[in-house]
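With the working numbering as the guide, the letters of the sequence shown map in order to residues 26 to 153. For glycine and all other residues, C-beta sits at the position ideal for the given N, C-alpha and C. Contents: one structure, followed by commentary.
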Amino acid sequence: MQTHKQLRVWQQSIELAKQVHFLCARYPREELFALTSQMNRAAVSIASNIAEGYGRDSAKELYRFLAIAQGSASELETQLILSREFGYLTEEEFYSLAQSVTAILKMLAALRRRVHDQCRLCSESQEV
Numbered sequence: 026m027q028t029h030k031q032l033r034v035w036q037q038s039i040e041l042a043k044q045v046h047f048l049c050a051r052y053p054r055e056e057l058f059a060l061t062s063q064m065n066r067a068a069v070s071i072a073s074n075i076a077e078g079y080g081r082d083s084a085k086e087l088y089r090f091l092a093i094a095q096g097s098a099s100e101l102e103t104q105l106i107l108s109r110e111f112g113y114l115t116e117e118e119f120y121s122l123a124q125s126v127t128a129i130l131k132m133l134a135a136l137r138r139r140v141h142d143q144c145r146l147c148s149e150s151q152e153v
């Protein structure tokens with residue numbers, strides 16, 4: 026079975042978390058325990074929940090943790106919008122990061138569909 030480290034979505038989530046971490050270092054000091062803390066947590070949570078789901082011994086658990094990763098990605102997307110609105114990000118920076126988040130959300134949705142289908146097949150084969 027594939028490990029989480031081999032997944033493109035996990036790899037891209039790690040890259041996004043690194044970008045967010047270094048970006049947040051530029052934010053004003055008053056955002057240290059507010060927006061930047063939330064952004065870093067959300068960014069780290071995406072890759073972490075993918076890994077945790079793969080570390081579980083159940084497709085149902087993997088499905089659940091991928092949903093949590095999707096929620097974290099959506100949360101980060103909102104925080105990036107706020108960062109742009111507050112003037113902390115240029116349009117180019119925002120666009121680049123938003124594209125990354127959108128790509129990750131699409132990959133997570135596709136992966137969840139595959140896991141869901143596997144769960145359904147497992148359930149059906151157990152009924153036979």
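- Remark: C-beta atoms of valine 140 and alanine 84 approach each other more closely than 9 Å.
- Per DSSP, serine 83 is not a residue of any alpha helix (DSSP H), being assigned neither H nor E.
- One alpha carbon belongs to glutamine 63, the other to tyrosine 79, and they sit about 24 Å apart.
- The beta carbon of glutamate 116 sits closer than 8 Å to those of Arg109, all from its chain and outside the five residues before and after it, given in chain order.
- Distance between alanine 59 and arginine 138, taken at the CA atoms: about 34 Å.
- Residues Val126 of the same chain have their beta carbon placed closer than 6 Å to that of glutamate 102, with the five preceding and five following residues left out of the count.
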